[in-house]
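Residue numbers (the working numbering), protein chains in the order written: chain A, 44 to 249; chain B, 44 to 249; chain C, 44 to 249; chain D, 44 to 249; chain E, 44 to 249; chain F, 44 to 249; chain G, 44 to 249; chain H, 44 to 249.
Glycine included, C-beta positions come from ideal geometry on N, C-alpha and C.
Bear in mind that the values here come from a model prediction, so they are computed numbers and not experimental data.
Data first, discussion second: the structure below is written as structure tokens.
8 protein chains.
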Amino acid sequence: MGYTYNRLNKDDVALLMVDHQAGLLSLVRDFSPDDFKNNVLALADIARFFNIPTILTTSFEDGPNGPIVLEVKECFPDAPYFARPGQINCWDNEDFVNAVKATGKKQLLIAGVVTDVCVAFPTLSALEEGYEVFVVTDASGTFNQTTRDAAWSRMEQAGAQLMNWFSVGCELHRDWRNDIEGFGGILAKHLPQYANLMQSFSAQKA
Amino acid sequence: MGYTYNRLNKDDVALLMVDHQAGLLSLVRDFSPDDFKNNVLALADIARFFNIPTILTTSFEDGPNGPIVLEVKECFPDAPYFARPGQINCWDNEDFVNAVKATGKKQLLIAGVVTDVCVAFPTLSALEEGYEVFVVTDASGTFNQTTRDAAWSRMEQAGAQLMNWFSVGCELHRDWRNDIEGFGGILAKHLPQYANLMQSFSAQKA
Amino acid sequence: MGYTYNRLNKDDVALLMVDHQAGLLSLVRDFSPDDFKNNVLALADIARFFNIPTILTTSFEDGPNGPIVLEVKECFPDAPYFARPGQINCWDNEDFVNAVKATGKKQLLIAGVVTDVCVAFPTLSALEEGYEVFVVTDASGTFNQTTRDAAWSRMEQAGAQLMNWFSVGCELHRDWRNDIEGFGGILAKHLPQYANLMQSFSAQKA
Amino acid sequence: MGYTYNRLNKDDVALLMVDHQAGLLSLVRDFSPDDFKNNVLALADIARFFNIPTILTTSFEDGPNGPIVLEVKECFPDAPYFARPGQINCWDNEDFVNAVKATGKKQLLIAGVVTDVCVAFPTLSALEEGYEVFVVTDASGTFNQTTRDAAWSRMEQAGAQLMNWFSVGCELHRDWRNDIEGFGGILAKHLPQYANLMQSFSAQKA
Amino acid sequence: MGYTYNRLNKDDVALLMVDHQAGLLSLVRDFSPDDFKNNVLALADIARFFNIPTILTTSFEDGPNGPIVLEVKECFPDAPYFARPGQINCWDNEDFVNAVKATGKKQLLIAGVVTDVCVAFPTLSALEEGYEVFVVTDASGTFNQTTRDAAWSRMEQAGAQLMNWFSVGCELHRDWRNDIEGFGGILAKHLPQYANLMQSFSAQKA
Amino acid sequence: MGYTYNRLNKDDVALLMVDHQAGLLSLVRDFSPDDFKNNVLALADIARFFNIPTILTTSFEDGPNGPIVLEVKECFPDAPYFARPGQINCWDNEDFVNAVKATGKKQLLIAGVVTDVCVAFPTLSALEEGYEVFVVTDASGTFNQTTRDAAWSRMEQAGAQLMNWFSVGCELHRDWRNDIEGFGGILAKHLPQYANLMQSFSAQKA
Amino acid sequence: MGYTYNRLNKDDVALLMVDHQAGLLSLVRDFSPDDFKNNVLALADIARFFNIPTILTTSFEDGPNGPIVLEVKECFPDAPYFARPGQINCWDNEDFVNAVKATGKKQLLIAGVVTDVCVAFPTLSALEEGYEVFVVTDASGTFNQTTRDAAWSRMEQAGAQLMNWFSVGCELHRDWRNDIEGFGGILAKHLPQYANLMQSFSAQKA
Amino acid sequence: MGYTYNRLNKDDVALLMVDHQAGLLSLVRDFSPDDFKNNVLALADIARFFNIPTILTTSFEDGPNGPIVLEVKECFPDAPYFARPGQINCWDNEDFVNAVKATGKKQLLIAGVVTDVCVAFPTLSALEEGYEVFVVTDASGTFNQTTRDAAWSRMEQAGAQLMNWFSVGCELHRDWRNDIEGFGGILAKHLPQYANLMQSFSAQKA
């Protein structure tokens with residue numbers, strides 16, 4: 044009857060990066076371009092840091108949607124990668140779903156462009172199949188805030204949890220002592236305001 | 044017990060366009076006039092593209108509320124059209140409800156002006172009768188964002204799903220290969236930023 | 044199992060106006076003063092138009108909170124009026140609750156200042172006692188939008204429905220033909236943008 | 044060489060109310076409808092209180108622009124009134140300009156709809172003819188804030204001063220002792236937050 | 044000594060459309076895509092309506108900046124068109140400047156993407172050469188509002204006037220009677236809220 | 044079946060102040076620094092006024108996160124205080140949880156920095172263990188409003204209630220007569236706009 | 044011909060605090076109450092720190108405008124204080140102007156409520172008499188941002204300089220070495236984000 | 044009499060980077076941290092690309108203000124660097140001014156933290172000495188937008204020009220052909236939305 048807090052667990056989770064493509068990114072206007080780029084790459088760094096199985100997919104990458112963003116691809120050179128021939132919901136692509144299942148994970152982190160389609164559709168599909176879904180809201184973008192609000196509502200209603208990359212990283216890390224240097228390095232790179240704290244601290248300790 | 048993802052299905056869905064009238068539109072201030080016009084006509088084009096049965100209705104069109112917006116009427120010259128003599132909730136109009144039932148569809152897309160009345164009331168009525176209701180949020184407008192937030196809350200609470208015209212189109216289309224040209228044409232017409240991607244792509248391929 | 048749409052019904056509803064006092068109003072900053080004044084008086088006019096039993100209450104009106112706003116009092120010269128000696132939640136005032144019960148209504152419209160206290164507390168109390176509660180969001184104000192968002196969340200979670208004065212009026216009225224002149228008069232007075240439509244219409248018909 | 048502060052002087056000033064028409068008001072979206080209505084009527088009350096010669100004009104009032112707003116007309120039943128047959132800049136209407144000149148005033152208060160056209164054009168024309176022009180910014184409205192910002196810039200650049208109705212009233216009144224009751228009455232009517240102060244004060248003094 | 048109001052005069056003015064290219068438009072985020080598309084095309088329609096000599100130019104159109112937006116090109120099939128080989132400020136392109144001079148006009152309307160570069164630079168260059176420059180602010184876009192504010196400041200400081208397409212059209216038209224149908228048609232097409240007024244008016248007159 | 048309103052009860056509640064540290068506060072950008080400082084100290088004053096057991100904790104306070112904010116520490120000189128050696132979720136610190144349990148309270152007020160981690164994680168943990176959790180939203184801060192919205196959603200979904208310090212104080216106080224001077228003193232100190240009402244009232248009564 | 048930078052000089056400047064009264068403050072809505080209180084008291088602390096002659100004045104303090112804010116009065120117990128009997132522009136009060144002149148200063152810092160009247164009017168009057176006027180914008184408040192923008196424009200146009208309390212303090216202080224402790228103390232008290240830096244620094248140096 | 048457009052000229056300009064320190068950056072809240080970091084580093088890259096003499100300075104870097112941001116220092120390892128012992132206005136530091144003069148440049152680009160002090164003061168000082176000053180607005184930050192608006196106003200009034208890093212780069216570059224690869228590389232690194240255009244272009248050409 045009560046609530047159960049199923050935390051993100053680095054051994055139970057996979058990451059789906061959906062349609063972060065050079066063309067589609069021009070549609071994202073609920074974040075500044077600098078913020079969004081930083082958020083996406085921070086999520087990628089977190090996945091790599093925790094060795095989270097990651098699956099990449101793109102939609103029509105030979106057309107106007109454009110190729111997967113170079114820096115995303117470079118983060119995951121060996122990840123399963125599915126250039127979908129036409130399915131809008133990546134969960135409609137059998138190879139993609141098989142790859143997700145092959146990870147054997149119960150928890151899914153999903154981020155993508157645009158939130159209301161490329162994130163919401165597989166989120167609802169995965170929830171239906173019993174996965175716990177954690178939408179990484181700030182690595183997912185769309186046309187404007189009104190569209191985002193509606194998309195978030197639909198996913199919440201179905202049971203998805205909304206998180207940001209920073210809380211994903213912290214929930215996975217559990218304890219700074221697991222690797223202070225490593226985790227701190229990610230924050231230094233992707234949270235300029237935290238990097239400033241670190242620099243001031245170091246200078247003053249010196 | 045689990046969540047079931049009942050996708051919008053082009054064979055199971057009807058569209059209700061409620062009170063998009065020339066006078067009432069002057070009340071809509073949660074979207075810019077250009078954005079709102081585009082959103083409404085994009086939804087109309089989607090309905091036509093998928094041959095979705097569409098029902099039009101107006102409230103007191105011979106008074107200050109004004110006639111149905113010309114371009115909306117022109118999109119659906121043969122659609123059932125109900126100029127309600129006074130009922131505020133179009134679901135209180137027996138002819139309208141009969142027309143909805145006559146479509147034989149289980150899923151309803153509803154858009155209208157103003158969101159908190161002309162959309163929310165039939166949404167709640169239809170939910171009570173067991174329909175799945177998908178509110179097209181960006182083709183529905185009202186006085187200001189505070190009013191919209193409350194109206195969205197009431198409809199969510201009752202079980203309605205909030206979508207935008209773009210995600211409606213994508214969820215119906217399922218796969219680009221079903222008709223690349225046709226669906227792309229709608230996006231080119233109603234998403235200027237996507238049209239730009241298409242033009243750049245074509246130019247560079249040329 | 045399904046959802047039931049219990050509409051606001053003019054025969055089943057009472058209105059509670061909580062702490063609209065001259066001093067407390069200076070705390071309201073989630074609406075412009077003109078908008079808020081108009082919203083409160085519009086709600087009052089609606090209650091009078093439908094002869095809805097209305098109960099007024101104030102908190103410490105002899106202190107800094109100040110007297111009930113003159114125009115609100117004038118709208119309901121004969122309404123039960125409870126100047127609470129100290130209870131913050133008006134539902135803790137036995138006389139007030141007795142007056143509510145004496146109306147014999149199942150549905151309650153609640154508006155007040157400030158939303159997070161004077162509205163939220165009696166809303167939660169009334170829900171606990173089995174009333175259907177409809178918060179009139181735009182006739183209720185508080186310190187800022189962040190505070191409002193949290194207060195709305197708490198009330199929604201408990202089952203309250205969020206409405207605005209215009210949708211309350213429309214849901215009660217049901218059909219313009221019940222009294223076109225009367226209802227139109229309220230809109231003309233409290234929706235300047237609708238008054239303009241009416242004036243243009245009249246001029247053109249003349 | 045130095046700056047000279049030519050204050051608004053009730054004996055030196057005329058008010059031009061330009062195109063506050065029922066249709067055109069639906070274009071105003073840089074103010075909420077309640078705020079804008081209040082601002083326009085507050086300016087009208089100030090003009091009447093100080094017996095400032097006022098000239099009304101409309102553009103194409105028999106067409107979609109609609110009739111002059113009823114309440115504005117009622118404030119100035121005997122004012123010169125020019126329904127322009129087509130001139131967009133009211134200063135291009137000879138009768139209007141003659142009426143302005145006939146007032147013999149050097150200072151002009153100008154308010155109208157829309158700011159970038161119906162206010163800006165006569166403002167620039169009047170400045171060219173040597174008038175001191177004070178634009179009443181909050182009784183003048185237009186499409187959105189971006190448009191307003193540009194229009195304000197153009198008028199400032201030409202030498203117009205930007206004021207709001209409250210500062211106009213205060214600069215004209217000079218000293219509360221000239222008529223405490225009268226001036227206070229205008230504030231009580233048009234500044235709800237000030238009315239609350241007055242009511243609290245009265246209650247506490249009682 | 045006094046201010047002179049040099050109005051836009053359809054016989055004295057040329058329009059420069061600078062770098063409205065499919066790629067560059069993805070940088071514009073101080074307007075919604077729908078609004079910006081409408082604004083640019085409205086300005087184009089105004090130029091055509093008044094037969095204003097128009098000059099098109101692009102920057103590196105064979106690279107990432109992309110081709111000139113199709114609809115802009117189609118509006119001016121016979122206009123002088125300069126695909127600049129590298130100059131960022133179009134005024135550094137001799138052919139372009141010669142074309143401007145060949146128009147023999149003293150007044151220049153300038154619009155482009157992005158405001159702080161493609162508009163600001165030729166604006167400052169043209170001012171230096173003694174032209175009167177009118178920046179069409181809402182047909183010019185850039186990265187965000189902060190950037191726009193700084194760019195506007197720099198151009199104002201140099202003497203440019205900031206206008207929007209609607210005020211440009213009205214200042215050129217002078218009097219509705221010059222062509223009611225024609226000018227009304229532009230407004231009907233590009234101001235949906237005005238189109239609604241027109242439709243209501245027509246319906247009621249019918 | 045029905046809703047039960049479990050009010051905050053001063054005898055049933057403990058307060059957890061999580062990671063209000065000098066360094067971490069520089070990350071908070073969903074409130075102005077003045078507002079946030081005031082909110083945190085207001086919550087502290089409320090806890091002291093009602094003698095609510097309070098537990099303090101910090102994360103890595105010898106590193107860049109910095110020491111606990113001086114004024115927070117000074118408010119609770121004798122409170123249990125846990126400088127966590129590395130656990131990100133304070134509920135993972137056994138000593139901390141033991142201290143919470145030792146209070147014997149069922150209701151927990153939680154505030155902290157940042158909302159999506161230091162507040163959300165222990166909130167979810169405490170809900171899982173059957174506590175009623177009331178998040179003090181305006182004494183909890185994070186990177187920006189988008190992050191806050193997602194964090195609020197996740198906590199609501201799990202059953203937490205969102206409140207602000209003012210409503211916490213009012214729900215605990217129940218009745219002004221319990222201590223008019225004391226409670227009024229807190230408002231005078233932390234609600235400048237209420238202090239003004241009190242000063243005006245006193246002056247007028249004098 | 045060139046620009047001369049007449050810096051604020053602690054020996055040349057006087058401060059005018061105009062109408063910071065308990066009632067009038069309820070009109071200020073272009074700052075949060077916490078921010079505004081902090082800004083006003085920070086300015087007061089700066090004036091005291093530099094021994095700047097300060098003159099206080101109020102308008103109708105025995106009426107609804109209310110008494111001078113207690114904390115402002117307490118900052119300047121011995122300052123000349125003029126309770127104006129009716130003049131809206133404090134520069135119309137002969138005693139006030141004489142007190143200003145008696146300071147023998149050429150530079151005036153002016154702050155007050157509301158910006159468009161109580162600040163703008165004496166600013167323009169003082170500029171006319173040849174004073175250099177520095178408006179302390181964040182210790183001056185008014186109805187909303189639109190009103191503020193117009194008031195700032197009018198004062199800029201006349202030659203006033205717009206500053207904030209922090210830049211006033213820094214321009215007066217010139218060099219930290221003049222009194223590190225003293226000036227740092229003001230920042231610690233009124234810039235919570237700077238106080239945090241100081242606390243972290245001290246902790247780390249300890 | 045006319046306006047002269049003195050363009051930024053790479054041979055005539057020096058860059059002053061003022062007080063971009065790890066502690067002070069926590070005060071900057073008119074940009075997101077990601078945006079601001081990107082803007083500052085973009086400006087640094089532009090200076091290096093054009094070999095613009097750059098001078099660095101810090102204020103009290105051994106105290107709470109913290110050390111110069113590491114990445115800024117690394118960009119200019121050999122630049123003159125002045126750690127000011129106390130002067131708030133860096134122009135009051137003789138060594139700094141001598142270094143500026145030693146560059147022999149007439150044009151100064153100034154960026155710093157905070158805008159209203161560390162940028163505004165040397166801007167006004169340099170204008171007084173006859174330099175042309177171009178403030179790089181988006182590489183300069185301060186407490187909030189209200190403070191920024193006032194600081195911009197003061198600098199504009201004195202004759203400074205407001206630019207952003209992108210327009211600075213473009214005005215210096217003049218013509219893409221001067222170095223397509225080099226300039227494009229800066230844009231690719233600091234304008235993610237432009238990098239996307241470049242990647243799509245390359246992919247399609249491949």
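Unbroken beta strand (DSSP E) runs of no fewer than 3 residues, entirely contained in the segment 75-117 of chain D, are found at 97-102, following chain order.
By a beta-carbon distance limit of 8 Å, D55/H contacts Q150/H. Their separation comes to about 5 Å.
Within chain G, the residues placing a beta-carbon under 9 Å from that of R220/D are P128, G129 and Q130, ordered along the chain. Beta-bridge annotation (DSSP): R127/C is paired with S102/C.
At the C-beta level, G184/C and V143/C stay beyond 9 Å of one another. Put simply, the CB of G173/E is near chain H, with a gap under 9 Å to one of its CB atoms. For the segment 177-224 of chain A, the full-length beta strand (DSSP E) segments reaching 3 residues or more read 204-206 along the chain. Following the DSSP letters along the chain, one finds Q236/D inside the alpha helix (DSSP H) bounded by residues P235 to K248. Judged by DSSP in its simplified three-state form, E175/E adopts strand.
Judged by DSSP secondary structure, A142/D falls within the alpha helix (DSSP H) whose first and last residues are E137 to T146. Under the three-state reduction of DSSP, A163/D is assigned to helix. D77/B belongs to the set of residues whose beta carbon lies under 9 Å from a beta carbon in chain E. Taking each of I98/A, A65/A and A85/A in turn and checking the Cα distance to S210/A, the smallest one comes out for A85/A. Apart from the 5 residues on each side of it in sequence, S102/D sits with its Cβ closer than 6 Å to the Cβ of D62, N108 and R127 in its chain, given in chain order.
In the three-state reduction of the DSSP assignment, L170/H falls in the helix class, which pools H, G and I.
For the segment 102-124 of chain D, no residue has a beta-carbon sitting nearer than 9 Å to a beta-carbon of chain B. A Cβ of chain G is located within less than 9 Å of the beta carbon of R72/C.
Listed along chain A are Y46, Y48 and R50, each with a C-beta nearer than 9 Å to that of L167/F. Any Cβ of chain F closer than 9 Å to the Cβ of I95/A would place that residue at the interface, and such an atom is absent. Taken through DSSP and simplified to helix, strand or coil, L67/C comes out as helix. Measuring C-alpha to C-alpha distances from V83/E to each of F244/E, G225/E, C118/E and F93/E identifies C118/E as the nearest. When the five nearest sequence neighbours on each side are left out, the beta carbons in the same chain lying within less than 6 Å of the beta carbon of P123/F are those of I98 and A142, in order along the chain.
Separation of the CB atoms of K116/B and A57/B is rounded to 18 Å, and the pair is thereby denied contact status at 8 Å. Contact between the segment 191-210 of chain C and the segment 176-183 of chain C is present: 3 or more CB-CB pairs across the two stretches fall below 8 Å.
A direct Cα-Cα distance of roughly 14 Å separates N94/C from I229/C.
Closest by C-alpha distance to G45/C, out of P110/B, L170/B, I153/B and F74/B, is L170/B.
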